[in-house]
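**Student:**
Protein chains: 2
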Amino acid sequence: MRAAIYRGPGEITVEEVPRPEIESPTDAVVRVTHTAVCGSDLWFYRGQSDREEGSRVGHEPMGIVEEVGDDVRSVEPGDRVFAPFVISCGRCEFCRKGLHTSCVNGDSWGGDNGGGQGEYVRATEADGTLVRVPDRHANDEDTLEAILPLTDVMGTGHHAAVSAGVSEGDTCIVVGDGAVGLCGVLAARRLGAERIIAMGHHEDRLELAESFGATETIAARGQEAVDAADDLTNGGANHVLECVGAASAMETAIDVCRPGGTVGYVGVPHGVDDSGLDVFSLFGDNIALNGGVAPVRAYADDLLNDVLQGTLDPSPIFTKTVDLDGVPEGYRAMDEREAIKVLVKL
Amino acid sequence: MRAAIYRGPGEITVEEVPRPEIESPTDAVVRVTHTAVCGSDLWFYRGQSDREEGSRVGHEPMGIVEEVGDDVRSVEPGDRVFAPFVISCGRCEFCRKGLHTSCVNGDSWGGDNGGGQGEYVRATEADGTLVRVPDRHANDEDTLEAILPLTDVMGTGHHAAVSAGVSEGDTCIVVGDGAVGLCGVLAARRLGAERIIAMGHHEDRLELAESFGATETIAARGQEAVDAADDLTNGGANHVLECVGAASAMETAIDVCRPGGTVGYVGVPHGVDDSGLDVFSLFGDNIALNGGVAPVRAYADDLLNDVLQGTLDPSPIFTKTVDLDGVPEGYRAMDEREAIKVLVKL
Numbered sequence: 001m002r003a004a005i006y007r008g009p010g011e012i013t014v015e016e017v018p019r020p021e022i023e024s025p026t027d028a029v030v031r032v033t034h035t036a037v038c039g040s041d042l043w044f045y046r047g048q049s050d051r052e053e054g055s056r057v058g059h060e061p062m063g064i065v066e067e068v069g070d071d072v073r074s075v076e077p078g079d080r081v082f083a084p085f086v087i088s089c090g091r092c093e094f095c096r097k098g099l100h101t102s103c104v105n106g107d108s109w110g111g112d113n114g115g116g117q118g119e120y121v122r123a124t125e126a127d128g129t130l131v132r133v134p135d136r137h138a139n140d141e142d143t144l145e146a147i148l149p150l151t152d153v154m155g156t157g158h159h160a161a162v163s164a165g166v167s168e169g170d171t172c173i174v175v176g177d178g179a180v181g182l183c184g185v186l187a188a189r190r191l192g193a194e195r196i197i198a199m200g201h202h203e204d205r206l207e208l209a210e211s212f213g214a215t216e217t218i219a220a221r222g223q224e225a226v227d228a229a230d231d232l233t234n235g236g237a238n239h240v241l242e243c244v245g246a247a248s249a250m251e252t253a254i255d256v257c258r259p260g261g262t263v264g265y266v267g268v269p270h271g272v273d274d275s276g277l278d279v280f281s282l283f284g285d286n287i288a289l290n291g292g293v294a295p296v297r298a299y300a301d302d303l304l305n306d307v308l309q310g311t312l313d314p315s316p317i318f319t320k321t322v323d324l325d326g327v328p329e330g331y332r333a334m335d336e337r338e339a340i341k342v343l344v345k346l
Numbered sequence: 001m002r003a004a005i006y007r008g009p010g011e012i013t014v015e016e017v018p019r020p021e022i023e024s025p026t027d028a029v030v031r032v033t034h035t036a037v038c039g040s041d042l043w044f045y046r047g048q049s050d051r052e053e054g055s056r057v058g059h060e061p062m063g064i065v066e067e068v069g070d071d072v073r074s075v076e077p078g079d080r081v082f083a084p085f086v087i088s089c090g091r092c093e094f095c096r097k098g099l100h101t102s103c104v105n106g107d108s109w110g111g112d113n114g115g116g117q118g119e120y121v122r123a124t125e126a127d128g129t130l131v132r133v134p135d136r137h138a139n140d141e142d143t144l145e146a147i148l149p150l151t152d153v154m155g156t157g158h159h160a161a162v163s164a165g166v167s168e169g170d171t172c173i174v175v176g177d178g179a180v181g182l183c184g185v186l187a188a189r190r191l192g193a194e195r196i197i198a199m200g201h202h203e204d205r206l207e208l209a210e211s212f213g214a215t216e217t218i219a220a221r222g223q224e225a226v227d228a229a230d231d232l233t234n235g236g237a238n239h240v241l242e243c244v245g246a247a248s249a250m251e252t253a254i255d256v257c258r259p260g261g262t263v264g265y266v267g268v269p270h271g272v273d274d275s276g277l278d279v280f281s282l283f284g285d286n287i288a289l290n291g292g293v294a295p296v297r298a299y300a301d302d303l304l305n306d307v308l309q310g311t312l313d314p315s316p317i318f319t320k321t322v323d324l325d326g327v328p329e330g331y332r333a334m335d336e337r338e339a340i341k342v343l344v345k346l
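Protein sequences, first through last, are from chains A and B.
For the first sequence, UniProt numbering gives the first residue as 1, with consecutive numbering after it.
For the second sequence, UniProt numbering gives the first residue as 1, with consecutive numbering after it.
1. Any Cβ of chain B within less than 8 Å of the Cβ of residue 293 of chain A?
2. Is it true that the CB of residue 108 of chain A sits closer than 8 Å to the CB of residue 69 of chain A?
3. Report yes if the CB atom of residue 84 of chain B is closer than 8 Å to the CB atom of residue 296 of chain B, and no otherwise.
4. Note the first and the last residue of the continuous beta strand (DSSP E) segment covering residue 238 of chain A.
5. Listed from N- to C-terminal order along the chain, which residues in the stretch 279 to 291 of chain B have their beta-carbon within a distance smaller than 9 Å of any beta-carbon of chain A?
6. Take every Cβ of the stretch 169 to 186 of chain B, pair it with every Cβ of the stretch 332 to 344 of chain B, and state whether three or more of those distances are shorter than 8 Å.
7. Report the option in A:140, A:336, A:87 whose CA atom is closest to the CA atom of residue 115 of chain A.
8. With DSSP collapsed to three states, give me the class of residue 172 of chain A.
9. Strictly by DSSP, which residues pair up with residue 257 of chain A?
10. Would you decide whether residue 104 of chain A is buried or exposed? Buried here means 16 or more other CB atoms lie within 10 Å of its CB.
11. If you reduce the DSSP assignment to three classes, tell me which class residue 66 of chain A lands in.
12. Pick helix, strand or coil for residue 44 of chain A, following the three-state DSSP scheme.
13. Between residue 143 of chain B and residue 121 of chain B, what straight-line distance do the alpha-carbon atoms span, to the nearest angstrom?
14. When DSSP builds the beta bridges, which residues end up paired with residue 97 of chain A?
15. Name the DSSP bridge partner or partners of residue 265 of chain A?
16. Report all residues from its chain with a CB closer than 8 Å to the CB of residue 303 of chain A; omit the five preceding and five following residues, and keep chain order.
17. According to DSSP, which residues form a beta bridge with residue 200 of chain B?
18. Go to residue 34 of chain B, then tell me how far its alpha helix (DSSP H) extends in each direction, as first and last residue.
19. May I ask you to list the residues that DSSP assigns as paired with residue 248 of chain B?
20. Is the distance from the Cβ of residue 282 of chain A to the Cβ of residue 118 of chain B below 8 Å?
21. Report back the beta-carbon spacing between residue 127 of chain B and residue 74 of chain B to the nearest angstrom; my notes put them in contact at under 8 Å.
22. List, in order along the chain, the chain A residues whose C-beta lies closer than 9 Å to that of residue 85 of chain B?
23. Given that a residue counts as buried once 16 or more other Cβ atoms are within 10 Å of its Cβ, and exposed if not, what is residue 192 of chain B?
24. Is residue 313 of chain A helix, strand or coil when you go by DSSP?
25. Between which two residues does the alpha helix (DSSP H) harbouring residue 85 of chain A extend?
26. Just mark residue 141 of chain B as buried or exposed, buried being the case when its beta carbon has 16 or more other beta carbons within 10 Å.
27. If we count Cβ pairs, one from each stretch, closer than 8 Å, do we get three or more for the stretch 244 to 252 of chain A versus the stretch 227 to 240 of chain B?
28. By a C-beta neighbour count over all protein chains shown, 10 Å radius and 16 as the cutoff for buried, is residue 102 of chain B buried or exposed?
29. Considering only residues of the same chain and omitting the five flanking positions on each side of residue 194 of chain B, which have a CB-CB separation below 7 Å?
30. Taking Cβ positions only, does residue 106 of chain B come closer than 8 Å to chain A?
31. Using a Cβ-Cβ distance cut-off of 8 Å, determine whether residue 44 of chain A contacts chain B.
32. Are residue 8 of chain B and residue 67 of chain B closer than 8 Å when you measure CB to CB?
33. To be precise: take each residue of the stretch 136 to 157 of chain B, compare its Cβ to all Cβ atoms of chain A, and keep it if any distance is under 8 Å. Which residues remain?
34. Identify, in the order they occur along the chain, each residue of the same chain with its Cβ nearer than 6 Å to the Cβ of residue 1 of chain B, setting aside the five sequence neighbours on each side.
35. Output needed in chain order: residues of the stretch 177 to 190 of chain B with a Cβ under 9 Å from some Cβ in chain A.
36. One question on the structure: do residue 60 of chain B and residue 95 of chain B come within less than 8 Å of each other, judged by their Cβ atoms?
This is the structure we're talking about:
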């Protein structure tokens with residue numbers, strides 16, 4: 001089978017690799033039909049984080065179950081399924097409390113189980129990991145494209161909003177206009193926020209944020225952005241979604257948070273280790289820092305229901321579509337910010 | 001009047017200074033009868049944080065109201081009162097939500113309003129700041145010594161427990177066996193924790209922790225302490241109280257926190273800015289960081305009720321008593337860890 005492979009910074013190739021097979025009774029092999037390129041893939045693509053050269057890439061698979069192990073009960077061959085960006089068992093203490101990213105039987109995509117950006121993947125812990133799309137929706141292309149972000153960015157934006165404590169009537173600020181930030185806007189609206197202030201650098205993305213429910217937007221950086229947010233909120237919002245991960249974005253998120261408020265953060269921390277998180281700002285203002293790597297499996301069923309009901313549609317974040325051979329071009333387009341997020345259709 | 005003055009690292013003197021007078025209709029002048037030396041005073045005493053030389057010190061005053069401004073309604077001359085370590089108005093948005101440390105009309109002790117360690121202080125915003133001790137208890141020395149920690153360390157330990165989300169039946173770990181950590185143990189017990197694991201370096205303080213309600217103790221540092229906590233909790237507690245503020249204590253607190261748990265931190269951050277807070281540990285395990293400078297005024301009424309009922313008594317943290325002339329000796333004794341906390345009786 002063919003799959004996208006990381007060959008070093010700036011270099012993604014599509015190569016012939018062994019097809020994953022059932023190895024354990026809890027495995028399922030899925031033929032990937034849809035997947036995506038993630039903003040977090042850009043860290044290694046840009047050489048800003050380590051990744052083994054030759055490793056398979058991608059972690060947002062959706063497809064058709066091809067084969068299942070003897071113990072798999074929740075899916076069967078022919079089912080349309082999608083999988084979160086980490087594998088989880090669904091049985092352990094952490095899965096049961098909705099923290100599937102800390103699953104004691106968990107695993108990542110990208111080893112010999114296959115990355116998401118390839119023709120097949122092997123889902124170990126298939127029962128805990130795979131989410132089945134009901135048959136009546138299983139072949140509706142628009143619906144599938146709206147579901148695909150539940151593998152990662154929609155669940156991640158939702159985790160930011162939940163972690164920031166957003167609920168009905170709240171005012172919140174979303175820092176970041178990438179795919180996660182835009183999904184954070186959708187999530188905040190879904191949770192009933194009354195004012196959603198989207199903050200970013202790109203006019204086109206902020207327009208999309210408005211169509212997703214942002215009531216105000218701020219196109220600025222650093223102190224200028226903080227001042228604008230302070231003006232709009234009279235001193236900061238109680239709920240701030242940090243959806244970037246860069247140290248500067250975290251600093252901005254803390255700066256625009258009202259004393260006693262909460263920053264919900266979900267961006268993979270990047271550069272924060274160099275400059276150090278400003279604990280003094282958090283301390284003096286009693287700002288809570290909540291969140292982390294998003295347990296998107298915990299949210300998948302609820303969000304799927306909303307997509308199927310037609311009340312949630314994150315698919316406009318896909319501004320470019322490629323096939324498997326186009327994956328390298330997809331990375332380039334996201335790296336150069338030509339595309340918000342790239343859909344890969346196999 | 002006479003008051004303790006900071007004259008540079010390691011040097012506290014008791015000198016004649018102007019007596020504070022009523023300057024505004026919301027002021028009250030209080031004759032101090034009881035006060036204390038705080039662990040946070042040691043940062044400047046050790047030259048590890050800046051403080052203006054010649055400034056008055058202390059921030060935990062209790063005494064008798066001497067005189068009030070025309071607008072003061074809640075206290076009158078002759079009342080026994082105590083004051084939290086910051087001045088707050090009780091009227092603003094932040095006071096109303098229980099975040100008195102972010103009061104928009106707030107102030108600190110130690111200017112010409114007097115530090116706590118002197119014969120008189122002027123409480124600006126007297127109505128918001130001063131807490132009245134009911135007359136029937138106002139001259140009972142044992143009760144007063146049990147109330148005095150409500151000016152700072154008892155409220156701070158309670159804030160750690162509240163911020164860590166401690167409630168009935170919980171298992172929690174208290175990092176630090178200083179006065180705040182010990183009060184954190186009392187607070188956790190008061191909130192109904194079932195297991196309270198106290199972690200520190202001093203056998204005598206850990207014995208006091210046990211008498212305060214700790215069910216287990218760990219006398220170790222660094223990885224040894226983390227390993228011991230992991231053994232006792234099978235991988236960490238969901239509620240961790242960080243009651244020191246040093247970077248190493250924060251690191252330990254995060255390390256002993258269970259994935260998805262909460263670190264409630266109240267120690268003035270110290271050294272954390274150099275090494276940077278390890279956001280990756282927080283991120284990967286979805287550990288929430290909650291707390292900050294404690295709004296002890298918010299807790300004063302509830303905690304006072306418990307002291308007066310006889311169900312809360314933090315006074316054993318005072319292991320040494322001095323008079324005003326003994327304040328320099330009190331600093332020395334705390335600096336050299338001879339005393340957990342020094343009571344000053346004027």
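Yeah, the Cβ is synthetic: ideal placement off N, Cα and C, and Gly gets one too.
**Tutor:** Per the coordinate set shown:
1. True, the Cβ-Cβ gap to chain B drops below 8 Å.
2. Contact annotation: residue 69 of chain A and residue 108 of chain A have beta-carbon atoms that are not nearer than 8 Å.
3. For residue 84 of chain B and residue 296 of chain B, yes; Cβs fall inside 8 Å.
4. Start and end: 237 to 242.
5. Using a CB distance below 9 Å, the part of the stretch 279 to 291 of chain B facing chain A consists of 279, 280, 282, 283, 284, 285, 286, 287, 288, 289, 290, 291, ordered along the chain.
6. Yes, since at least three Cβ pairs between the stretch 169 to 186 of chain B and the stretch 332 to 344 of chain B fall closer than 8 Å, the two stretches touch.
7. Of the candidates A:140, A:336, A:87, A:87 places its Cα closest to the Cα of residue 115 of chain A.
8. In the structure shown, residue 172 of chain A falls within a strand segment according to DSSP collapsed to helix, strand and coil.
9. According to DSSP, which records beta bridges pairwise, residue 257 of chain A is partnered with A:237.
10. Answer is exposed; the Cβ neighbour count stays below 16.
11. Looking at residue 66 of chain A - three-state DSSP - the assignment turns out to be strand.
12. Helix, per DSSP.
13. Their backbone Cα atoms lie some 22 Å apart in a straight line.
14. As far as DSSP is concerned, residue 97 of chain A takes part in no beta bridge.
15. DSSP output for residue 265 of chain A lists A:242, A:291 as bridge partner(s).
16. 150, 154, 155, 158, 312.
17. Note: residue 200 of chain B sits in a beta bridge opposite B:219.
18. Unbroken run through residue 34 of chain B is the beta strand (DSSP E), 28 to 37; no alpha helix (DSSP H).
19. BP columns for residue 248 of chain B are empty, so no partner.
20. No. Outside cutoff.
21. The pair is a contact, with the Cβ atoms about 5 Å apart (cut-off 8 Å).
22. Contact note: residue 85 of chain B does not reach chain A at a C-beta cutoff of 9 Å; the least C-beta distance is about 14 Å.
23. Label assigned to residue 192 of chain B: exposed.
24. Three-state result, residue 313 of chain A: coil.
25. For residue 85 of chain A, no alpha helix (DSSP H) segment is defined, and its DSSP state is neither H nor E.
26. That one is exposed.
27. Output reads no: the stretch 227 to 240 of chain B does not touch the stretch 244 to 252 of chain A.
28. Burial call: buried.
29. Same-chain partners within the cutoff: 169, 170, 171.
30. Chain A, which has no Cβ nearer than 8 Å to the Cβ of residue 106 of chain B, makes this no.
31. At a cut-off of 8 Å between beta carbons, residue 44 of chain A makes no contact with chain B.
32. No, the pair does not count as a contact, with Cβ atoms beyond the cut-off.
33. Going along the stretch 136 to 157 of chain B in chain order, one finds no residue with a Cβ nearer than 8 Å to chain A.
34. Cβ neighbours of residue 1 of chain B beyond the five flanking positions: 19, 119, 120.
35. Going along the stretch 177 to 190 of chain B in chain order, one finds no residue with a Cβ nearer than 9 Å to chain A.
36. Result no, Cβ atoms of residue 60 of chain B and residue 95 of chain B do not sit closer than 8 Å.
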